[in-house]
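Student: The structure's right below; bear with me while I get my questions together.
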Ligand code: CS2
Ligand code: MG
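Numbering (this note's numbering), first residue to last: 49 to 450.
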């Protein structure tokens, strides 16, 4: 089955998405997500100028060989732009292979290991009371696991607090918005949030929290300790992880489970974290970590050390990524949880999909392939709209980690 054509589709049904469509001489086509939030055009150029020309004429069934060709053949390895481009090709090829076999992708990967994929939703509010109410609304919708974030007194634009409604969208201005961060205020506030949530919502519901890289290792250790009584499912990105050894210090001090990896793009980014069992959940996902092919390698390493998966699933990961991730999640033996931030109706209309939510679980559906398509005519009605993620500064103006 020969690849005859590949095209990049950029659309903005409420937010920007980049999608790669690969067509074959047998009429079967596949699609893959290539969205890199705030840096979309870099991946578009990488695909159009450097990847598509070398794909034409190749056998679409040779997924591994094409992956190795794009990874080793570029000479310049790894990095979010390269790995997102490779991921888009890889996802589209797995879609094609499963469609050609007439099977849902999870069957090709090894079949279902569970009945459904446990997901967590995002509850947030301007203060603790609003967040507690939002957790209640998520429970009413059937969620069994909920991430909770709240505004912090004395902090302008704390991470994770939406500007209203169900959809939290951090990339919302053409030039980066400047937010202010205060660690002392946050460290006093966060334990109070979870104390209230446990008091109001009980022990059964799983609670998660994203620190979004704001703390130093010793501060992260302190927060982890302070949160222990409230039994979190995980504390995410408590400190930046380029220096994987930094997690040794956090780990020595707290039993709060740790999750890391949404910005990683290769197994090498998390090798120490996994092999030294410094984390409990690895959050790499299909689009930013080289597709199904590479994610499988990361999960395989993690399985040896009882580290479970907890893939990133914010709205900047398109329904195409979500669909592929859910097939992966249904199969992967060391599955933990899947993040699920709902897309808007406009986005769902552009990307018709087979996955469905029921009682706190998502199921990828049984449509052949990964079960997500793109309505190209509708996509064309939403032109690209440049948006970037915010930056954070300390109260004295020092640039910090957003
Ligand atoms: C986040 C994201 O979902 C998460 O855990 O950290 O909201 C993240 O900020 C965005 O995906 C950035 O593009
Ligand atoms: Mg996160």
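Yeah, the Cβ is synthetic: ideal placement off N, Cα and C, and Gly gets one too.
Please specify which runs of the beta strand (DSSP E), each continuous and at least 3 residues long, are wholly inside the stretch 260 to 312, giving them in chain order.
Tutor: Counting whole runs of 3 or more residues, the stretch 260 to 312 contains the beta strand (DSSP E) stretches 282 to 284 and 306 to 308.
Student: Tell me which same chain residues have a C-beta within less than 7 Å of the C-beta of residue 231, skipping the five on either side of it?
Tutor: The sequence position of residue 231 within the chain shown is 183, counting from 1. Here the set comprises 262, 263 and 267.
Student: Please confirm whether any heavy atom of the ligand MG lies closer than 8 Å to the CB of residue 262.
Tutor: In the chain shown, the residue the question calls residue 262 occupies position 214. Residue 262 Cβ: outside cutoff for every heavy atom of the ligand MG.
Student: Please report the Cβ distance between residue 423 and residue 398, rounded to the nearest whole angstrom; I am assuming they are in contact, meaning their Cβ atoms lie under 8 Å.
Tutor: Within the chain shown, the letter at position 375 stands for residue 423. Within the chain shown, the letter at position 350 stands for residue 398. That pair is a contact at about 6 Å.
Student: For the beta strand (DSSP E) that contains residue 395, what are its first and last residues?
Tutor: If you number the chain shown from 1, residue 395 lands on position 347. Not the beta strand (DSSP E): residue 395 falls in the alpha helix (DSSP H), residues 393 to 398.
Student: Tell me whether residue 216, by its Cβ, gets closer than 8 Å to a heavy atom of the ligand CS2.
Tutor: Sequence index remark: in the chain shown, residue 216 carries index 168 (1-based). Yes - the ligand CS2 has a heavy atom lying nearer than 8 Å to the Cβ of residue 216.
Student: Between the stretch 311 to 324 and the stretch 342 to 351, can you find at least three pairs of beta-carbon atoms closer than 8 Å?
Tutor: Output reads yes: the stretch 311 to 324 touches the stretch 342 to 351.
Student: Per DSSP, which residues does residue 78 bridge with? Please list them.
Tutor: Translated into the one-based positions of the chain shown, residue 78 becomes position 30. DSSP lists 70 as partners of residue 78.
Student: Assign residue 104 to one of two classes, buried (16 or more other C-beta atoms within 10 Å of its C-beta) or exposed (fewer than that).
Tutor: Working through the chain shown from its first residue, we reach residue 104 at position 56. Exposed is the call here.
Student: Let me make sure I understand the geometry here. Which of 98, 165 and 146 has the alpha-carbon closest to that of residue 410?
Tutor: For the purposes of this step, residue 410 is taken as the residue at position 362 of the chain shown. Minimum Cα distance to residue 410 is reached at 165.
Student: By a C-beta neighbour count over all protein chains shown, 10 Å radius and 16 as the cutoff for buried, is residue 195 buried or exposed?
Tutor: Against the chain shown, residue 195 aligns to sequence position 147. Buried: at least 16 other Cβ atoms inside 10 Å.
Student: Quick check on DSSP: helix, strand or coil for residue 128?
Tutor: As a working note, residue 128 is residue 80 in the chain shown. Correct three-state label for residue 128: helix.
Student: Can you say whether residue 434 is buried or exposed, counting buried as having 16 or more other CB atoms within 10 angstroms of its CB?
Tutor: Taking the chain shown and counting its residues from 1, one reaches residue 434 at position 386. The residue in question, residue 434, is exposed, as its Cβ has fewer than 16 Cβ neighbours within 10 Å.
Student: Counting beta carbon pairs with one atom in the stretch 134 to 146 and one in the stretch 92 to 112, are three or more of them shorter than 8 Å?
Tutor: Taking 8 Å as the limit for Cβ pairs, the verdict is that the stretch 134 to 146 does touch the stretch 92 to 112.
Student: Take the Cβ of residue 305 as the centre, count every other Cβ of all protein chains shown within 10 Å, and call the residue buried at 16 or more, exposed below.
Tutor: As a first step, residue 305 must be located in the chain shown, where it is residue number 257. Burial call: buried.
Student: Around the C-beta of residue 343, are 16 or more other C-beta atoms found within 10 angstroms, so that it is buried, or is it exposed?
Tutor: Translated into the one-based positions of the chain shown, residue 343 becomes position 295. By the 10 Å Cβ count, residue 343 comes out buried.
Student: What is the DSSP secondary structure of residue 203, counted as helix, strand or coil?
Tutor: Against the chain shown, residue 203 aligns to sequence position 155. Correct three-state label for residue 203: coil.
Student: Which term fits residue 93, buried or exposed, when burial requires 16 or more other beta carbons within 10 angstroms of its beta carbon?
Tutor: Position 45 of the chain shown, counted from the start, is the residue given in the question as residue 93. Label assigned to residue 93: exposed.
Student: When you compare only the Cα positions, how much space is there between residue 396 and residue 407?
Tutor: Position 348 of the chain shown holds residue 396. Position 359 of the chain shown holds residue 407. Their Cα atoms are separated by approximately 20 Å.
Student: Would you call the stretch 59 to 68 in contact with the stretch 77 to 89, where contact means no fewer than 3 C-beta pairs closer than 8 Å?
Tutor: At 8 Å Cβ cutoff, the stretches touch.
Student: Report the rounded CA-to-CA distance for residue 51 versus residue 250, giving the unit in angstroms.
Tutor: In the chain shown, counting from the first residue as 1, residue 51 sits at position 3. In the chain shown, counting from the first residue as 1, residue 250 sits at position 202. In a straight line, the C-alpha of residue 51 is about 54 Å away from that of residue 250.
Student: Can you find the residues in the same chain that come closer than 7 Å, C-beta to C-beta, to residue 417, ignoring five residues on each side of it along the sequence?
Tutor: Residue mapping note: residue 417 aligns to position 369 of the chain shown, counting from 1. So the list reads 78, 143, 146, 147 and 153, once near-sequence residues are dropped.
Student: From residue 180 to residue 248, what distance separates their C-alpha atoms?
Tutor: Within the chain shown, numbered from 1, the residue matching residue 180 stands at position 132. Within the chain shown, numbered from 1, the residue matching residue 248 stands at position 200. If you take the alpha carbons of residue 180 and residue 248, they lie about 7 Å apart.
Student: Using 8 Å as the cut-off, classify the Cβ of residue 210 as near or not near the heavy atoms of the ligand CS2, replying yes or no.
Tutor: Position 162 of the chain shown holds residue 210. Result no, Cβ not under 8 Å from the ligand CS2.
Student: Compute every distance between the C-beta of residue 108 and the non-hydrogen atoms of the ligand MG, then say whether any falls below 8 Å.
Tutor: Here residue 108 is taken as the residue at index 60 of the chain shown, counted from 1. The answer is no for residue 108.
Student: Please confirm whether any heavy atom of the ligand MG lies closer than 8 Å to the CB of residue 219.
Tutor: Reading the chain shown from its first residue, position 171 is the one you call residue 219. Not under cutoff, so the answer is no.
Student: For chain B, check one thing: does any of its Cβ atoms lie closer than 9 Å to the Cβ of residue 350?
Tutor: Any reference to chain B falls outside this structure, which holds one protein chain only.
Student: Our contact map puts residue 307 next to residue 328 with C-beta atoms below 8 Å; I'd like the distance itself, whole angstroms only.
Tutor: Here residue 307 is taken as the residue at index 259 of the chain shown, counted from 1. Here residue 328 is taken as the residue at index 280 of the chain shown, counted from 1. Their Cβ separation, rounded to whole angstroms, is 7 Å, which keeps residue 307 and residue 328 in contact under 8 Å.
Student: Using the rule of at least 16 other Cβ atoms within 10 Å of the residue's Cβ for burial, across every protein chain shown, is residue 172 buried or exposed?
Tutor: Counting from 1 along the chain shown, the entry for residue 172 is found at position 124. By the neighbour-count rule (16 or more Cβ atoms within 10 Å), residue 172 is buried.
Student: Within 8 Å: the Cβ of residue 362 and any heavy atom of the ligand MG?
Tutor: For the purposes of this step, residue 362 is identified with residue 314 of the chain shown, where counting begins at 1. Answer for residue 362: yes, Cβ within range of the ligand MG.
Student: Can you determine whether any heavy atom of the ligand CS2 sits closer than 8 Å to the C-beta of residue 365, and answer yes or no?
Tutor: In the chain shown, residue 365 corresponds to position 317, counting from 1. Residue 365 Cβ: within cutoff of the ligand CS2.
Student: The alpha helix (DSSP H) with residue 155 in it runs from where to where?
Tutor: Looking up residue 155 in the chain shown gives position 107. That run of the alpha helix (DSSP H) goes 153 to 157.
Student: In this structure, how does DSSP classify residue 109 when only helix, strand and coil are distinguished?
Tutor: Position 61 of the chain shown, counted from the start, is the residue given in the question as residue 109. Coil.
Student: From the DSSP output, in three-state form, read off residue 413 for me.
Tutor: Along the chain shown, one-based indexing puts residue 413 at 365. Coil, per DSSP.
Student: So residue 339 packs on residue 122, CB below 8 Å; how close in whole Å?
Tutor: As a working mapping, residue 339 is identified with position 291 in the chain shown. As a working mapping, residue 122 is identified with position 74 in the chain shown. Wrong, their Cβ atoms sit about 15 Å apart, outside the cutoff.
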